[in-house]
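Read through the structure below, which is laid out as structure tokens, and then see the notes.
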Amino acid sequence: MGNCSCVHNFRKQIAYEEMMKEQRSDTRIDMSLVLPEDCISQIISYTSPQDACRAALVSSFLREAADSDAVWEKFLPSDVKDIISQSSSPPSAYLNSLSKKRLYHHLCDHPIILGNGTLSFQLEKQTGKKCFMVGARDLSVRGGEATGPIQSVPDSRFSEVAELKLLQYYRIKGELETKILSPKTTYVAYLVFKLGKTRGGREYIPVQLRVYFERNKNERGRSVYLDPVQHRRPSQKDGGNGWMQAEMGEFFNEDGDDGPVFCSLQETGELTTSYSVQCSLLVEGIEFRPKF
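In terms of numbering that gives the first Met the number 0, the sequence shown opens at residue 0 and continues consecutively.
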């Protein structure tokens, strides 16, 4: 309760300081005379990244407190050191050289590639919650005349993506351990894909999507169409141009005790009987992001 009261009062003071910023300096309160910097830093660390950025714009004194490592370390995941130690791109030494604030914003704007290059990690900017994408190499792909991984696809964060020729039944399945996700968070899983050139048919593909745990593996999924217009992926700083996303489903991660979460996509079989189409499906991966 005490922390909540301090945070509430601090936010009110920042709002007041912003309102008075254009007025004469002698009408404003010098917060350095009220509280020491380490106390201000501690209060800011109980707020949010947005509040810290607002505070940094009010005065030079607040900027020093709001930009401190003590504040931004609280906004980073508790296991961030272990995560960036696995970074293969960029090198972990570079990430460790950044201030905590710069590290936070770097991880929000630039996904890092972990381990053997098949998993990416970044932060959701408003909350600091974790986002992961399982790359195509770690997905199980069956049927569909899969041609195997392709090197150096433009705008992909991974060096390889999977290609399927949409001429017969296929299935894509992936999984991720819930213990590495942010706790007490609802996540949404997305298929990140591109459609290749079509010939003699339409540009959407009927599929069934599922997100499930082992305990409810027999539940039915939902049928959707992979549509280039409906599933256009928002532009991202890592080069999202051309990639699309289809929501596969959502789940709540309590404390990471549910084991792996599974995601699957299955072509319904309507394509070959209802359409005369020759095209390909490029799959970058399956992404897990916090829901808003």
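Each residue gets a CB set at the ideal place from its N, CA and C atoms; glycine is no exception.
Just so you know, these numbers come straight off a predicted model, no measurement behind them.
6 angstroms CB neighbourhood of Q235 in its chain, flanking five on each side removed: Confidence in Q235 is poor, its pLDDT being 40 and thus under 50, which makes the residue's placement too unreliable to answer from.
Residues of its chain near L175, where Cβ-Cβ distance is below 7 angstroms and the 5 sequence neighbours each way are ignored: F131, V133, P259, V260 and F287
Closest residue to K129 among A188, Y169, S155 and R156 (Cα-Cα distance): A188
Cβ-based burial, S263 [other Cβ within 10 Å; buried from 16]: buried
Whole-angstrom distance between F251 and G238, CA atom to CA atom: With a pLDDT of only 41 at G238, under the threshold of 50, the placement of this residue in the model should not be trusted; the figure read from the coordinates follows. Each residue's alpha carbon lies about 29 angstroms from the other.
Contact under 8 angstroms by Cβ, Q244 with V191: yes
6 angstroms CB neighbourhood of D137 in its chain, flanking five on each side removed: T117
Residues bridged to T184 [DSSP beta-bridge criterion]: N252
Cβ-Cβ distance between P182 and D254 below 8 angstroms: yes
A135 and G248 closer than 8 angstroms at C-beta: no
Within 8 angstroms, strictly: CB atoms of I43 and V70: yes
K178 versus P205: straight-line alpha-carbon distance, rounded: 32 angstroms
Proximity below 8 angstroms, CB of S87 to CB of I112: yes
Cβ distance (whole Å) where L180 is taken to contact Y186 below 8 angstroms: 6 angstroms
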